[in-house]
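Here is the structure we will look at, set down as structure tokens.
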Amino acid sequence: MSVVKLSLAWMRTSLFWTKTWILKPPISKGNAATKPSLAALKRSSFMITCLLCLVLVFAFLYIYRKVNQRLYRAELAEDLVFDLGPRAYRQAVQVRGQDRTKPLILWVHGGPGLPNPALTYSYQKALEDDFIICYWTQAGSGRSYYLNPDRYQEGPSYQELEASLDDLVDKLCQRYGKERLILVGHSFGSILGLGYAKAHPGKLLAYVGISQITDMIAGNFLILDMAEGVINRLGDRQALASLTKAKRATRHALQSRYIEAKNYLKVERLAQDYLRTIPWKAQAKVVWQVLSSPDLSWADLRWYGLMACQGTRFTQIQADLMEEAQRMDLSAIDRLEVPLLLVSGSLDWQAPLDQVFDFFDQVQAPQKAFRIIPGAGHSPFLSHKKLFSQCLKDYLYYHLKD
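As structure tokens, then:
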């Protein structure tokens with residue numbers, strides 16, 4: 001049955017039950033009959049309108065997803081599951097590309113716990129002709145979380161993610177007949193990625209850090225400094241008092257190298273009211289891209305719901321990763337044995353540019369480049385897809401040309 005027939009059937013059913021239960025037939029009282037009140041008529045009209053709108057939205061989403069499935073079809077499209085790490089967590093990997101002979105890219109997402117495999121179609125298409133892109137959903141998040149029902153009460157440790165990443169690199173190279181691959185890390189994933197590039201250079205063709213983080217606690221100082229400048233211009237004394245308190249806590253955390261998981265994003269939440277954030281139109285566009293994604297799964301929707309409605313549960317699952325990420329200080333790395341590309345948005349305050357610049361200046365690598373995408377924020381691959389793809393291809397073409 002076509003989506004149009006389904007929609008019409010749903011509309012007829014909705015109208016029938018609306019007439020039956022909302023616009024009730026006149027009730028006899030002797031020789032008189034009571035008619036529906038004006039308020040009841042308005043209420044029923046509103047409910048019918050809402051039902052019709054829902055039908056149209058779902059029908060349009062269904063059609064749009066089918067169109068996207070045709071537009072973004074890849075010759076190589078695999079959704080794999082691997083047992084990774086010392087405790088063999090089952091973990092999902094989405095693979096997209098056009099040619100098995102092309103170089104492998106392994107994408108390590110941010111968070112922790114913020115995978116978006118349903119969004120990859122919106123920015124990967126320009127890269128899939130030249131690369132095989134493997135998007136890893138880390139243990140304890142998204143699709144991988146629901147692959148391990150016996151472990152719902154716990155998340156992986158940072159060391160387990162490191163071991164899982166190493167296992168995955170080996171298994172992907174073996175599966176696709178490669179000796180090495182390109183590692184891409186975004187935000188929290190750039191902490192994992194940079195550490196891996198330092199420890200296992202022989203397994204990589206290159207490392208790409210997007211919104212690279214080297215020291216999260218020190219970065220919090222820079223975020224608070226930026227917010228303080230805005231607050232001083234506004235003359236908001238109450239906000240300034242809150243910020244001063246946050247600075248004291250951050251200074252203590254820098255000494256102890258510890259921030260409790262529940263305070264993981266406290267600085268960002270404080271600063272985001274004063275620093276440039278993603279416009280609501282751009283946020284709405286991302287939501288639409290998720291809902292109309294050809295790759296959207298029920299596990300994705302469940303995970304988004306858990307993040308939105310069960311914040312405490314989400315923090316509990318990610319607690320170890322959150323605390324370990326705060327302890328990590330990669331700013332002392334002064335040499336990598338693999339080519340390095342760093343990509344940042346010019347408006348990214350979550351991974352402050354000053355910190356990324358300092359790291360780029362000090363680190364030595366066989367080849368290195370730093371690209372800033374004007375007008376982009378923390379996720380330049382979502383907001384500036386063409387510029388990001390071109391930036392990545394230009395650098396990797398140059399490096400891989402031999």
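Numbers 1 to 402, taken from the UniProt record's numbering, label the letters of the sequence shown in order.
Glycine included, every Cβ here is placed at the ideal spot set by N, Cα and C.
Values in this document were obtained by computation on a predicted structure and should not be read as measured data.
For this session: Could you pull out every unbroken alpha helix (DSSP H) segment of at least 4 residues lying fully inside the stretch 280–310, listed in chain order?
Result: Complete alpha helix (DSSP H) runs here, min 4: 280–291, 298–309.
Problem set entry | Reference Asp354; option with closest CA among Met216, Asp166, Ala126, Thr312 | The residue with the shortest Cα to Cα distance from Asp354 is Met216.
For this session: Give the single residue among Gln124, Leu183, Lys368 whose Cα lies nearest to the Cα of His200.
Result: Nearest C-alpha to His200: Leu183.
Exercise. Are at least three pairs of beta-carbons, each pair with one atom in the stretch 183–195 and one in the stretch 150–165, less than 8 Å apart?
Worked result: Contact between the stretch 183–195 and the stretch 150–165 is established, with three or more Cβ pairs separated by less than 8 Å.
Exercise. Would a C-beta distance cut-off of 8 Å place Ser122 and Trp303 closer than the cut-off?
Worked result: Result no, Cβ atoms of Ser122 and Trp303 do not sit closer than 8 Å.
For this session: Tell me whether Ala77 sits in a helix, a strand or coil according to DSSP, three-state version.
Result: DSSP, read as helix, strand or coil, puts Ala77 in strand.
Problem set entry | Start-to-end residues for the beta strand (DSSP E) that takes in Leu347 | Careful: Leu347 lies outside any beta strand (DSSP E) and carries neither H nor E.
Exercise. Does DSSP classify Phe360 as helix, strand or coil?
Worked result: DSSP places Phe360 in the helix class (H, G or I) of the three-state scheme.
Exercise. Can we say the stretch 204–213 touches the stretch 363–383, given the rule of at least three CB pairs closer than 8 Å?
Worked result: Enough Cβ pairs lie closer than 8 Å, so yes.
Problem set entry | Secondary structure, alpha helix (DSSP H): runs of 4+ residues fully inside the stretch 157–197 | Correct list: 158–176.
Problem set entry | Residue environment, Val81, which counts as buried when at least 16 other CB atoms sit within 10 Å | That one is exposed.
Exercise. With C-beta atoms as the reference, is Leu222 less than 8 Å away from Ile231?
Worked result: Their beta carbons are not under 8 Å apart, which means Leu222 does not touch Ile231 by this criterion.
Problem set entry | Exposure label - Cys391; buried when at least 16 CB within 10 Å | So Cys391 counts as buried.
Exercise. Does the distance from the CB of Ser331 to the CB of Thr214 come in under 8 Å?
Worked result: The answer is yes: Cβ separation under 8 Å.
Exercise. Buried or exposed: where does Cys50 fall if 16 or more other Cβ atoms within 10 Å of its Cβ makes it buried?
Worked result: Cys50 is classed as exposed because its beta carbon has fewer than 16 other beta carbons within 10 Å across all chains shown.
Problem set entry | Three CB pairs or more closer than 8 Å across the stretch 314–328 and the stretch 336–343 | Not touching, per the Cβ criterion.
Exercise. Can the beta-carbon of Tyr146 be found less than 8 Å from the beta-carbon of Ala299?
Worked result: Less than 8 Å divides the Cβ of Tyr146 from the Cβ of Ala299.
For this session: Tell me whether Ala365 sits in a helix, a strand or coil according to DSSP, three-state version.
Result: Of the three classes helix, strand and coil, the one that applies to Ala365 here is coil, per DSSP.
Exercise. Taking the alpha-carbon positions, what's the Leu387 to Arg371 distance?
Worked result: Cα to Cα, the separation comes out at about 10 Å.
Exercise. Within the chosen definition, does the stretch 96–113 reach the stretch 125–133 through at least 3 CB pairs nearer than 8 Å?
Worked result: Touching, yes.
Exercise. Does the beta-carbon of Thr120 have 16 or more other beta-carbons within 10 angstroms, so that it is buried, or is it exposed?
Worked result: The residue is buried, with at least 16 neighbouring Cβ atoms inside 10 Å.
Problem set entry | 3 or more residues per run - each beta strand (DSSP E) lying fully within the stretch 87–142 | Taken in chain order, the unbroken stretches of beta strand (DSSP E) that lie wholly in the stretch 87–142 and span 3 residues or more are 89–97, 104–108, 132–137.
Exercise. Can Leu172 and Leu114 be called in contact, C-beta distance under 8 Å?
Worked result: No Cβ-Cβ contact shorter than 8 Å links Leu172 with Leu114.
For this session: Quick one: residues in its chain with C-beta nearer than 6 Å to the C-beta of Leu6, no 5 flanking neighbours on either side, listed in chain order?
Result: Below a pLDDT of 50, predicted positions are generally treated as unreliable, and Leu6, at 47, falls in that range; the measurement from the model is reported next regardless. There are no such residues.
Exercise. Quick one, which of Arg233, His186, His252, Val267 has its alpha-carbon nearest Leu243's?
Worked result: Ranking Arg233, His186, His252, Val267 by Cα distance to Leu243 puts Val267 first.
Exercise. Considering only residues of the same chain and omitting the five flanking positions on each side of Gln310, which have a CB-CB separation below 6 Å?
Worked result: A distance below 6 Å between beta-carbons, with the five flanking residues on each side excluded, links Gln310 to no residue of its chain.
For this session: State yes or no: is the C-beta of Val363 within less than 8 Å of the C-beta of Leu336?
Result: A contact, by the Cβ cut-off of 8 Å.
For this session: Compute the distance between the beta-carbons of Gly305 and Ser187, then report whether it is under 8 Å.
Result: Cβ distance not < 8 Å, so Gly305 and Ser187 don't count as in contact.
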